[in-house]
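The opening residue of the sequence shown carries number 110 in the working numbering; numbering runs sequentially from there. Read through the structure below, which is laid out as C-alpha cells, and then see the notes.
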Amino acid sequence: MADKLKKRGIFNPDGDVDLTKRKIIGGNTTNLNDYNNLKYERTYDWYRQAMNNFWIPEEINLNQDIKDYRNLDEYEKRAYDMILSFLIYLDSIQTAQLPNLEMYITANEIDWCLAIQTFQEAIHSQSYSYILDTIANPSERDSIIYLWKDDKTLLDRNQFIGSQYNDFLMEGTDVAFMKSLIANYILEGIYFYSGFSFFYNLGRNGKMPGTVQEIRYINRDENTHLWLFRSMITDLKKEREDLFTDEKVEYYKSLIKRGVEEEIKWGSYAIGNDIQGLNTKMIEDYIKYLGNLRSSGLGFGNIYEGYRHIPESMKWVDEYSDPNTVKTDFFEGKVSAYSKSSIIKDDL
C-alpha cells in the first residue's frame, strides 16, 4: 500500500523544534534553517563541501576545443554531439525535479542541501551551453541541444528516468517518492558515466581539453549529489522500514539494473567500437561494476556476479575524473582555491 504524502507548509509556527521528532518525510517542520541544530549532521559537511566546489563555466578556456572540434573524426563528432545532448537533458530535468522533492521533505537541513544541488545542476546546464556557444555555430548548437527530440534511441533513453519523475508528480505517494529517490540515484551514479568516460577518453588522446575540464568539475559535483541521495535513502531505511520490505528492495534493485542496461545500450549506440581507446565491452564492464557499486552502497547487495572492482581497462577514468588530479577522501579534502576544491572519491 502507498500513502499520500503531505506537502510541507511554509509558515508553520507550530512546527516541531525537537530534533528527535524531525523526519525526512512526514514531519512537522518550522522551515527554520538552524545550522547549529541538525538531526542529519552529515549534511553540514556536505554543505561545506558543495560550497567549496563552486566554479564558473566561463573560467575554463575552450580555445583549443574550437580547433579540436573541427578535427574530430566522424565517429568522435557523432558521439560528442549525442552525449552532450543527453547530458544537457539530464541536468535540465534535475534542475526541474529537485524542487518537487523539496516540497515533501520536512528536514530543513536536507532542503538546503537540495537547494545547493539545484543551483549546481543549473550551472552544469550553463556549462554545456557555454561549450556549444563556443565551439559550434548557431545551427549546429540548436540541432545538438534538441537532438533528443529527433533521435528515437535518445528519446527512449530519456523516458525511463523521466517517467519515474512524472509518476511522483502524479501520485505524490511515499512509494513514488522512494522510486524518485532511486531514479535520482541512478541518474547521478550510473546514467552520466559512459558519457563521462567518452570525454575522458578524448582527454587522454589529447583532444578537447576544455570540455574535459568542464566535465571533471561536473563529475565532482555529481559525486557529492550521489553521496547526498545515498545518505537520504539509508536514513529513510531507519525511519521508514515499511518502504524497504524485501519485495520493495527487489523492486529498487530492478530499477538500478534497468538503469545499468539502459546505460550500456546507450553507450553501445552513441560510442560503439569505432573510437580509439574505447569500445562497447569496456563500457559494459564498467557500467556493470558501477551498478554493483551503487546497489551495494544502499545495502541491497550486488546485481551482477563478479564486477566487484573497476575493470583494468577503465582504471584511467579515475585519473581523468579528478579536476585537481589529486585523490582525497570527502571529509579530509583540503580546499586550495574556491574553484579547485577536492572531490568525493567515486567509491559510493
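Think of the CB as a built atom: it goes at the ideal place given N, C-alpha and C, for glycine as much as any other residue.
Helix, strand or coil at residue i [DSSP, three-state]
i	result
T243	helix
K390	helix
K288	helix
T262	helix
I419	coil
T215	coil
T138	coil
K113	strand
I295	helix
I175	helix
I384	strand
Proximity to residue i [Cα-Cα], best of the options
i	options	result
S194	N161, F301 and Y416	F301
T215	Y274, N161, Q158 and L147	L147
I392	E297, W425 and G410	W425
F286	D265, L207, T262 and S303	L207
K397	I365, E150 and S234	I365
N328	R339, I342 and S303	S303
I412	E421, N401, I419 and H418	N401
S234	E331, R339 and T139	E331
T152	K258, T354 and D220	D220
W257	V284, I202 and V358	I202
L399	Y416, L241 and G386	Y416
K130	I175, P166, E185 and N217	N217
K116	E421, F277 and I291	F277
S306	K261, W375, N172 and I254	W375
L337	D123, W155, Y178 and I299	W155
E350	D283, S252 and K261	D283
M160	I232, K261, G118 and I192	I232
I291	G281, Y274 and F120	Y274
Opening and closing residue of the alpha helix (DSSP H) in which residue i lies
i	result
T333	P318 to E348
D186	Correcting the residue identity first, residue 186 is Lys in this sequence and not Asp. Unbroken alpha helix (DSSP H) run through K186: E183 to E211.
G304	Y302 to R313
L364	D355 to A379
Q158	R151 to N161
V426	W425 to S430
Contact belief for residue i with residue j at Cβ below 8 Å, rounded distance in angstroms
i	j	result
Y395	M423	4 Å
Q158	T320	That pair is no contact at about 24 Å.
L181	K316	7 Å
Near the ligand ATP: residue i beta-carbon under 7 Å from a heavy atom
i	result
E421	Because no ligand of any kind appears in the structure shown, any question about the ligand ATP cannot be addressed here.
Any C-beta of chain B under 8 Å from that of residue i
i	result
N267	The displayed structure is made up of one protein chain only, and chain B is not part of it.
Three-pair Cβ contact test at 8 Å for the region 342-361 versus the region 398-413: Because the criterion of three Cβ pairs below 8 Å is met, the region 342-361 and the region 398-413 touch.
Sufficient close CB pairs (3 or more, under 8 Å) joining the region 143-163 to the region 198-212: Three or more beta-carbon pairs separated by less than 8 Å are not found between the region 143-163 and the region 198-212, which leaves the two stretches without contact.
Inter-stretch contact at 8 Å, needing at least 3 Cβ pairs: the region 253-271 / the region 366-377: With contact defined as three or more Cβ pairs closer than 8 Å, the region 253-271 and the region 366-377 are in contact.
The region 324-332 / the region 127-143 touching (three or more Cβ pairs under 8 Å): Short answer: they don't touch.
The region 215-228 touching the region 248-256, judged by at least three CB pairs closer than 8 Å: No, they do not touch.
The region 348-362 / the region 237-244 touching (three or more Cβ pairs under 8 Å): With the rule of 3 Cβ pairs closer than 8 Å, the region 348-362 does not count as touching the region 237-244.
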